[in-house]
Each structure stands twice: as structure tokens, then as C-alpha cells.
Amino acid sequence: MLTGASTTFRAAAARESSMLIEASTVRVVFGGRPVLQDVALSVSAGEAVALCGPSGAGKSTLLAVLAGQLRPDSGRIRTVPPERIAWIVQSTPLLARRTALDNAALGALARGARRREAEAEADRALLAVGVAGLRDRPVHELSGGERQRIAVARAVVARSEVILADEPTASLDPQSRALVIRALLGATATGAAVIVATHDPVVAAACDRAVLLDGGVLEHEVREHTTREHGLLERGEPR
1 MLTGASTTFR AAAARESSML IEASTVRVVF GGRPVLQDVA LSVSAGEAVA LCGPSGAGKS
61 TLLAVLAGQL RPDSGRIRTV PPERIAWIVQ STPLLARRTA LDNAALGALA RGARRREAEA
121 EADRALLAVG VAGLRDRPVH ELSGGERQRI AVARAVVARS EVILADEPTA SLDPQSRALV
181 IRALLGATAT GAAVIVATHD PVVAAACDRA VLLDGGVLEH EVREHTTREH GLLERGEPR
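Residue 110 in UniProt numbering sits at position 110 of the sequence shown, with consecutive numbering throughout.
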């Protein structure tokens, strides 16, 4: 009996120690209207979660709260320090006059990598998201979709423990979408926790599980543990 109790305790402790995001009873009110209502969400190291829901459901607000950019009116957030979180929004700030390579390399430089190492990692990340040919172009010359992919590359190079991505595949063609999602979810192999807010069923299918946010209320386990590779490729995206 003691052995069983001890094993159960160790298993629970291991689960808790692997949690990189824990939100409980989170509530956000704008102009007297509840945007998030008693939201609870936990995400473990190495896990990818799709945050689904209609426009105006509160997905962007929840990501901002988890990123530490918005203080909730009530509730508790437990996660890693802000410098170990990558928050990718549809207009992620980049250095407009610097090249795509410079911007992507910032992720590695910020964690202390040498310049040559940072550029090598940035080159690999730019290739992974399909913009290697733009490495020497100033960011201000690039389209919104190209800048978005550079932001994803920078987040991957940073080796952030938590990656929060708000509609990272919006307006991308199917091939670019597949590359971006593979790059983001590839970060889970090194232990990152990834949350992707999305309307895209292909993206949702690629994640370990999907949760639905509607009217500020989070419904858990909309769909669990779909195989990532199958989820991306079953609809004809290129290998």
C-alpha cells in the first residue's frame, strides 16, 4: 500500500514538474463584458495544443495573458519567465531595416550564442519555413506572410520553453502552412510547450490536442492526440 501511494505521488510530482503552463480560473473583463470566464488550461513540456474558436472568442486575449502581456482581472497563471516565452502575433515586431537573417539570428544571440553559430541556426530555421531565399533581403521589403515566417524562424532559433502563436498560418498557401507548422511543432522535440491559436482544421489536427474557446469559456479535449504527421499530410500537403 505504501509502495503504491509512493508511486502515485511520484507520478503526480513528475506531471506537475513537466507543466510549463498552468492557468486556473482566469477571468478578463473589457468594458464590463467578460472576455475570458474562469479559464483553466495546463500544457506540459513537449506538448502542442491547438486553441480553436470563432473570431472574438478570446483566443488572442488568452495568449496575451499567458505571455504576461495582459494582467487578468482574476485567476492564477504559472509559467516560465517572460524571457523564455516566444509570443508570435500576426504583426510580430521585426527590425525593418535589417535582413531576414539578422532578425532570425536575434533569437540565438539573445540566449548568448556567438554570431557565427546564431547565423547558422538562423539559416536552418529560414530554410525550414521556406524563406531561405530571402535571407539577405531587408524585412521592410517583404510581404506580411514572409515576415510572419521570419518571426516563426526567430522563435524556433530562440529555443524558447513556451511558444504562443496567434494564427501563424493565416494567409499562407498550403505548402508554406505545412512548413510553418512543422517548424513550430518541431520545437516540442526539445521540450517546448506550444499553443497555436487557429481557425485552420489542418493546424488543429497537427497538434497533440485541441481545445475550444467560445464566448470566453474554454472546453477541454475537443480532440485528443491526433498523429501530427497524419494530420498535416492526410489533406495532400507535400512531404
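Quick reminder that beta carbons are idealized off the backbone N, C-alpha and C, glycines included.
Note that this is a predicted model, so its numbers are computed, not measured.
For residue i, which residues in the same chain have their Cβ closer than 7 Å to its Cβ, ignoring the five residues on either side in sequence?
i	result
residue 170	90
residue 181	169, 203, 206, 232
residue 187	156, 163, 194
residue 135	99, 100, 101, 123, 126
residue 103	94, 95, 139, 150, 154
residue 54	214
Residue i to residue j, Cα distance in whole Å?
i	j	result
residue 197	residue 84	19 Å
residue 21	residue 201	23 Å
residue 183	residue 126	10 Å
residue 75	residue 26	4 Å
residue 215	residue 31	15 Å
residue 73	residue 28	5 Å
residue 123	residue 132	7 Å
residue 199	residue 52	6 Å
residue 154	residue 38	33 Å
residue 165	residue 141	23 Å
residue 87	residue 63	8 Å
residue 290	residue 48	What the structure shows of the chain is the stretch from 1 to 239, and residue 290 is not part of that stretch, so it cannot be assessed.
residue 179	residue 36	32 Å
residue 24	residue 189	26 Å
residue 18	residue 43	9 Å
residue 71	residue 61	10 Å
residue 57	residue 33	12 Å
residue 80	residue 177	28 Å
residue 65	residue 50	16 Å
residue 118	residue 59	32 Å
residue 219	residue 167	19 Å
residue 137	residue 172	20 Å
If you follow the alpha helix (DSSP H) that residue i is part of, which residue opens it and which one closes it?
i	result
residue 121	115-128
residue 63	59-66
residue 102	100-109
residue 152	144-157
residue 180	174-186
Looking only at its own chain, which residues have a Cβ that is under 6 Å from the Cβ of residue i, when we skip the five neighbours before and after it?
i	result
residue 78	22
residue 68	82
residue 92	151
residue 107	154, 157, 158
Output the boundary residues of the beta strand (DSSP E) element that contains residue i.
i	result
residue 84	It is not in any beta strand (DSSP E) - residue 84 carries neither H nor E in the DSSP assignment.
residue 204	Run containing residue 204: none in the beta strand (DSSP E); it sits in the alpha helix (DSSP H), 201-206.
residue 69	Note, residue 69: premise wrong, no beta strand (DSSP E); not H, not E.
residue 34	33-44
residue 23	19-30
residue 75	74-79
Sorted by chain position, which residues of the same chain lie with C-beta nearer than 8 Å to residue i's C-beta, five sequence neighbours on each side aside?
i	result
residue 225	Unreliable positioning characterises residue 225 in this predicted model, as indicated by a pLDDT of 45, which lies under 50. The coordinate reading is nonetheless provided below. Correct list, in chain order: 208, 209.
residue 191	45, 46, 161
residue 115	105, 109
Check the C-beta distance from residue i over to residue j and give it rounded, since I have them as a contact under 8 Å.
i	j	result
residue 41	residue 152	No, residue 41 and residue 152 are not in contact; Cβ-Cβ is about 22 Å, not under 8 Å.
residue 121	residue 113	7 Å
Should residue i be flagged as near chain B, meaning a C-beta pair shorter than 7 Å?
i	result
residue 37	Here chain B cannot be found, since the structure has a single protein chain.
Evaluate contact between the segment 134-145 and the segment 155-165, counting only Cβ atoms and requiring at least three cross-stretch pairs below 8 Å.
no
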